[in-house]
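Per this note's numbering, the very first residue in the sequence shown carries number 393; after that it's consecutive.
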Amino acid sequence: MLDLDTEQFWKDEETAHEENCFSKNAKQVALGIRMSGECVFAELGEEGEPWGYTPPERRLELNKRYNEKALKIVGRKLLGENPPAPADSKFPDYRQIGEVFGGKYVFDGKTTWLQGMINSEDELEKKLDEIDRTDLREFILPPDWEEKKKYIYEKYGKKPEKFSGIRGPVTLATSVFGTENLIYLIYDSPELASRFSDTIAKVIIGYYDIFVSESENSDTSSGFGFYDDNCALLNPELYEMFGYPILKKVFEHCAPNPGDKRFQHSDSAMEHLLPILGRLNLTGCNFGPTVTVDKIRKYMKTTRIDGCLAPFTFMSNDDEKIIAEIKRDCEEAKVDDIRGLNLSTAGSINNGSLLTSMRTVMAAIQNFGRY
393 MLDLDTEQFW
403 KDEETAHEEN
413 CFSKNAKQVA
423 LGIRMSGECV
433 FAELGEEGEP
443 WGYTPPERRL
453 ELNKRYNEKA
463 LKIVGRKLLG
473 ENPPAPADSK
483 FPDYRQIGEV
493 FGGKYVFDGK
503 TTWLQGMINS
513 EDELEKKLDE
523 IDRTDLREFI
533 LPPDWEEKKK
543 YIYEKYGKKP
553 EKFSGIRGPV
563 TLATSVFGTE
573 NLIYLIYDSP
583 ELASRFSDTI
593 AKVIIGYYDI
603 FVSESENSDT
613 SSGFGFYDDN
623 CALLNPELYE
633 MFGYPILKKV
643 FEHCAPNPGD
653 KRFQHSDSAM
663 EHLLPILGRL
673 NLTGCNFGPT
683 VTVDKIRKYM
693 KTTRIDGCLA
703 PFTFMSNDDE
713 KIIAEIKRDC
723 EEAKVDDIRG
733 LNLSTAGSIN
743 NGSLLTSMRT
753 VMAAIQNFGR
763 Y
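1. So does the segment 415-425 actually touch the segment 752-763, counting three or more Cβ pairs closer than 8 Å?
2. Helix or strand or just coil, what does DSSP make of residue 664?
3. Which residues does DSSP pair with residue 696 in a beta bridge?
4. Exposed or buried, what is residue 681 when buried is set at 16 or more other beta-carbons lying within 10 Å of its beta-carbon?
5. Beta-carbon separation of residue 568 and residue 523 under 8 Å?
6. Measure the C-alpha to C-alpha separation of residue 411 and residue 695 and round it to an integer number of angstroms.
7. Taking 7 Å as the cut-off, is the CB of residue 677 close to at least one heavy atom of the ligand PLP?
8. Relative to the C-alpha of residue 728, which candidate in 467, 508 and 689 has its C-alpha closest?
9. Do you know offhand how far residue 511's Cα is from residue 574's?
10. By Cβ distance, which residues of its chain are closer than 7 Å to residue 698, with the 5 residues on each side in sequence left out?
11. The alpha helix (DSSP H) spanning residue 566 covers which residue range?
12. Taking 8 Å as the cut-off, does the segment 494-503 touch the segment 535-543 (at least 3 CB pairs, one atom from each stretch)?
13. Within 10 Å of its beta-carbon, does residue 435 have 16 or more other beta-carbons around it, so buried, or fewer, so exposed?
14. With DSSP run on the structure shown, which of helix, strand or coil describes residue 366?
15. Rounding to the nearest angstrom, what Cα-Cα distance links residue 472 and residue 403 in this structure?
16. Alpha carbon to alpha carbon, how far is residue 485 from residue 605?
17. How is the beta strand (DSSP E) around residue 499 delimited, first residue to last?
18. Counting pairs of beta carbons, one from the segment 704-713 and one from the segment 740-750, are three or more of them closer than 8 Å?
19. Sort 668, 600 and 654 by Cα distance to residue 489 and report the nearest one.
20. From residue 502 to residue 430, what does the alpha carbon distance come to, in whole angstroms?
21. Going by the CB atoms, is the gap between residue 639 and residue 591 shorter than 8 Å?
22. Have a look at the DSSP bridge pairing and note the partners of residue 537.
23. I need the straight-line Cα distance from residue 463 to residue 722, nearest angstrom please.
24. Which term fits residue 717, buried or exposed, when burial requires 16 or more other beta carbons within 10 angstroms of its beta carbon?
25. Put residue 619 into one of helix, strand or coil per three-state DSSP.
26. Measure from the alpha carbon of residue 438 to the alpha carbon of each residue in 428, 454, 444 and 449, then state which is nearest.
27. Using DSSP bridges, identify the partner residues of residue 507.
28. As a quick exercise: from 556, 525, 546 and 749, pick the residue whose alpha carbon is nearest that of residue 647.
29. From the DSSP output, in three-state form, read off residue 422 for me.
30. If I follow the unbroken beta strand (DSSP E) through residue 736, where does it start and stop?
31. I need the boundaries of the beta strand (DSSP E) containing residue 594, first residue and last residue.
32. Between residue 713 and the rest of its own chain, which residues show a CB-CB distance below 7 Å, the 5 nearest in sequence each way excluded?
33. Using DSSP with H/G/I as helix, E/B as strand and the rest coil, what is residue 409?
34. Apart from the five residues just before and just after residue 750, which ones in its own chain have a Cβ nearer than 7 Å to its Cβ?
35. Let me know the beta strand (DSSP E) ranges lying completely inside the segment 620-653, each 3 residues or longer, listed in chain order.
36. Using a Cβ-Cβ distance cut-off of 8 Å, determine whether residue 703 contacts chain B.
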């Protein structure tokens, strides 16, 4: 077990995130891991459904107990302890982007999945025609939206949040149309595939603009993020034709300034797409555990890397394996003193990942991640 000076670690962590984790004032690699609400159950030996519903009062009690333990092990509280917000302070649900494309969001008892209803090229073409005729704002916002928005603002001073990210675009397309269908479409009907791609970009930008207006925020360039696990299913040729144009259009509209958020996540083996994604001037990325720092840096010199600890390594709670991966990532981040590593898991932090493993990560950074 490596030695760890917890107090010194958090002192050095204060500057580690400056300048998007590229600051020359940083003493060590930044730590992106702050655990997650999923982890309370295994940590505390409690029953529960990590991806399912937990009553707010029980969530608050679990978080407080978890934080007491976190203070002792890692020296910081990690989960929120705010009391549940009043029920009448919540904005009405609006239709999600998958519903624009005819999909349905179905809860299976553990998590929610988007299920597609389009099964042929003819059905896709009809749906795209329908979307072209749709008043997007009228379609997505519920009838009582204005009334509830006014009430919430007058009582709580809250305004709707901006629309800043989606699961897609490839994940969206494969969910509503099917994986094989999408691949065949791009090969067999490139004009329709291009129209599908254009429509996804148009709808995303439409959502973004609607919620900029609804939030009454004049800053229209705060940034955007894509969470696109399924992008790995397309080879470079197919991604260049279908996925890349969507990201390019959305970033140009939603994140045109140098400091705006331009983020891409995919916890899959999508190394083959790095040369294409490298043209987008991403400010942050989080890729699969096989897509390591050295591979990313070939194409993204100025992108903050949130990774690359494998989630299953972290969840194994095996100190030796965790240290080996952290040491690898830290050494790769220090090549040519480029920096820019925000040491995180390459994907979700899952229930079963323990606070002692976070402490091991901290110790490995302090021993191997000094600049």
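Virtual Cβ for every residue (Gly too), placed ideally from N, Cα, C. All values derive from a computational prediction rather than experimental measurement.
Taking the coordinates as given:
1. Yes: at least three Cβ pairs fall under 8 Å.
2. Secondary structure at residue 664: helix, using DSSP grouped into helix, strand and coil.
3. Beta-bridge pairing links residue 696 to 676.
4. Flag for residue 681 reads buried.
5. Contact: no.
6. When rounded, the distance between both Cα atoms is 11 Å.
7. Looking for the ligand PLP in the displayed structure turns up nothing, as the structure carries no ligands at all.
8. Of the listed residues, the one whose Cα sits closest to residue 728 is 689.
9. Cα to Cα, the separation comes out at about 10 Å.
10. Around residue 698: 424, 676, 677, 678, 734 and 736.
11. Start and end: 562-569.
12. The segment 535-543 vs the segment 494-503: no contact.
13. Burial call: buried.
14. Residue 366 cannot be examined here, being either before or after the span of the chain that is shown, 393 to 763.
15. Roughly 21 Å separates the two Cα atoms.
16. The alpha-carbon atoms of residue 485 and residue 605 are separated by roughly 17 Å.
17. Where residue 499 is concerned, the enclosing beta strand (DSSP E) stretches over 496-499.
18. Counting Cβ pairs under 8 Å, three or more are found: they touch.
19. Out of 668, 600 and 654, 600 has the C-alpha closest to the C-alpha of residue 489.
20. CA-CA distance, residue 502 to residue 430, rounds to 12 Å.
21. Not closer than 8 Å, so no.
22. DSSP lists no beta-bridge partner residue for residue 537.
23. Computed Cα separation, rounded: 25 Å.
24. Around the CB of residue 717, 16 or more other CB atoms lie within 10 Å, so the residue is classed as buried.
25. The DSSP-derived three-state label of residue 619 is strand.
26. Nearest neighbour of residue 438 by Cα position, chosen from 428, 454, 444 and 449, turns out to be 454.
27. 496, per the DSSP bridge assignment.
28. Among 556, 525, 546 and 749, the Cα nearest to that of residue 647 belongs to 556.
29. In the structure shown, residue 422 adopts extended strand secondary structure according to DSSP, grouped into three states.
30. Here the beta strand (DSSP E) through residue 736 covers 733-737.
31. Not the beta strand (DSSP E): residue 594 falls in the alpha helix (DSSP H), residues 582-606.
32. Closer than 7 Å at the Cβ level, and outside the excluded window around residue 713, lie 705.
33. Secondary structure of residue 409 (DSSP, three-state): coil.
34. If the five residues before and after residue 750 are omitted, its C-beta is found closer than 7 Å to the C-beta atoms of 425, 427 and 466, all from its own chain and listed in chain order.
35. Runs of the beta strand (DSSP E) inside the segment 620-653: none found.
36. Protein chain content of the structure displayed is limited to a single chain, and chain B is not contained in it.
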